[in-house]
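Working notes for the structure below.
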Amino acid sequence: MNLRVIEKKAKSIYTRSKIPGVDWTVNQYVGCAFACKYCYAKFMAKWRDYGEWGSWVEVKTNAPDLARKRVKGSVVMSTVSDPYQPIESGLKLTRRVLQYMDKRNELSILTKSPLVTRDIDIFKLFRSIEVGLTINGFTGREKRLFEPLTPVHEARVSALKELKEAGLRTYVFVSPIIPEITDVSAILGDTRDFADYYFFEVLNLRAAGKEFQALLKEEYPESYGALTDLGKFGEFIRRLKEEIKGLGIKADGIETHQRGWEFVEI
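Right, here's the structure in full:
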């Protein structure tokens, strides 16, 4: 699939967040070439007549200039893109945004890419910063079906280790958790020495869209049933919560979407 790049000038890159616990979001890109099949942000394709999600990336060319603003509260980069998706390697837009951003801002970065380690030198200039890797442990068939274009598990763990060894505050976003597929204990075993804390999210099946729902129902009927049947889902969350508690790590909680957005404390 050829990637379409759309250059735009934006009025602002700081957007008031509707995510609980997050005050602002920063998206210098809109769209993501990783094209994860389950991505909740694919709804953005309906608002932009560019084509299928994952086939285009909108680039806010003036983002570095807009980044100078100081904002109060927490800032998350990014929510409708990955700041270190492949196009960033050449454009260095994220790096330039970070260079111009007020270093007093409270910043949290989340990515699936080991390219994030390139900017360790800039991260160290921030007064309050944390850098997270989304790690879900998908390998083999599941990776080919769910997110074939993303960096492999080992590369993400290696990046997390490098960030931690550089003295940065790090976290792991375990997402999406899919019943009967995601091995949470294995993920924590691979990462616990390099993460200050964890945040967990169960697959948002509704936002994943009809195509992914059909795929999961056909190929993984037990997983689909555990996500759609209220009783089975409740039991799955109960067992997941106990599993995480038993592993003795610091965790913010579990984000779920079976009945709309809910947060399960651990």
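Letter 29 of the sequence shown, counting from 1, is numbered 29 in the numbering used here, and no numbers are missing. Backbone N, C-alpha and C define an ideal beta-carbon position, used for all residues, glycine too.
Selection from the options that minimises the alpha carbon distance to residue i
i	options	result
Arg192	Glu219, Ile135, Cys32, Asn204	Ile135
Ala35	Leu216, Val71, Ala63, Thr150	Thr150
Val22	Glu58, Asn62, Gly209, Val76	Val76
Cys39	Glu162, Ala207, Lys232, Arg259	Ala207
Ile6	Thr15, Tyr29, Phe194	Tyr29
Gly189	Glu243, Glu142, Val59	Glu243
Lys124	Ser89, Thr139, Leu107	Leu107
Arg221	Glu180, Arg144, Asp119	One detail in the question is off: residue 221 reads as Pro in this sequence, not Arg. With distances taken between Cα atoms, Pro221 lies closest to Glu180.
Ser113	Arg96, Leu133, Gly31	Leu133
Arg68	Met101, Glu58, Arg95, Pro83	Met101
Leu203	Asp196, Asp183, Leu215, Gln258	Gln258
Phe263	Val116, Arg238, Thr15, Lys46	Arg238
First and last residue of the uninterrupted alpha helix (DSSP H) at residue i
i	result
Tyr224	221-228
Arg206	205-208
Buried or exposed (CB count within 10 angstroms, at least 16 for buried), residue i
i	result
Phe236	buried
Leu230	exposed
Gly90	exposed
Lys42	buried
Pro176	buried
Asp49	exposed
Asp82	buried
Ala214	exposed
beta-carbon residue i near the ligand GTP non-hydrogen atom, thresh 7 Å
i	result
Glu7	This structure lacks the ligand GTP; in fact it carries no ligand of any kind.
Counterpart residues of residue i in DSSP-defined beta bridges
i	result
Ser128	Glu106
Phe200	Val174, Ile254
Thr111	Leu133
Beta strand (DSSP E) segment containing residue i, residue limits
i	result
Asp119	Note, Asp119: premise wrong, no beta strand (DSSP E); not H, not E.
Lys8	4-8
Val26	24-26
Arg16	14-16
Discussion item. Quick check for students: name the residue ranges of the alpha helix (DSSP H) that lie wholly in the stretch 37-108, counting only runs of 4 or more.
Written reply: 44-47, 63-66, 88-91, 93-100
Fill in: Ranges of the alpha helix (DSSP H) found wholly within the stretch 146-184, counting only runs of at least 4
153-165
Worksheet entry | Start-end ranges of the alpha helix (DSSP H) lying completely within the stretch 223-264, minimum 4 residues | 230-246
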